[in-house]
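Residue numbers 17 to 83, in my numbering, belong to the letters of the sequence shown in order.
All C-beta atoms, glycine included, are put in the ideal place defined by N, C-alpha and C.
Nothing here was measured: the structure is a model prediction, and the numbers come from that model.
Down below is the structure, laid out as structure tokens.
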Amino acid sequence: MMEFLYFPEDKTKYIPAVISLVIFAIGAVVTMYLIYKASKKEEKEIEARFNKHETITENADKNNNHQ
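Take a look at the structure:
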């Protein structure tokens, strides 16, 4: 009835599947860590640019108000 399912009697045939699963899981975790790290770096850069822009506009506003 369910010929498409294959469960081998010899359980050692599961070893390659488990090894590849572990390798891909570790790769996924490392990739997510690198993406998270890059995201935090970009967030700090954007925040620094925003603060710099905010300071420039505050100084420009002060100069315009004093004139």
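Backbone CA spacing between residue i and residue j [nearest angstrom]
i: alanine 41; j: histidine 69; result: 42 Å
i: arginine 65; j: lysine 56; result: 14 Å
i: valine 38; j: leucine 21; result: 23 Å
i: methionine 48; j: threonine 71; result: 34 Å
i: glutamate 85; j: valine 34; result: Residue 85 lies beyond the stretch modelled for the chain, which goes from 17 to 83, so this question has no answer here.
i: valine 46; j: tyrosine 30; result: 24 Å
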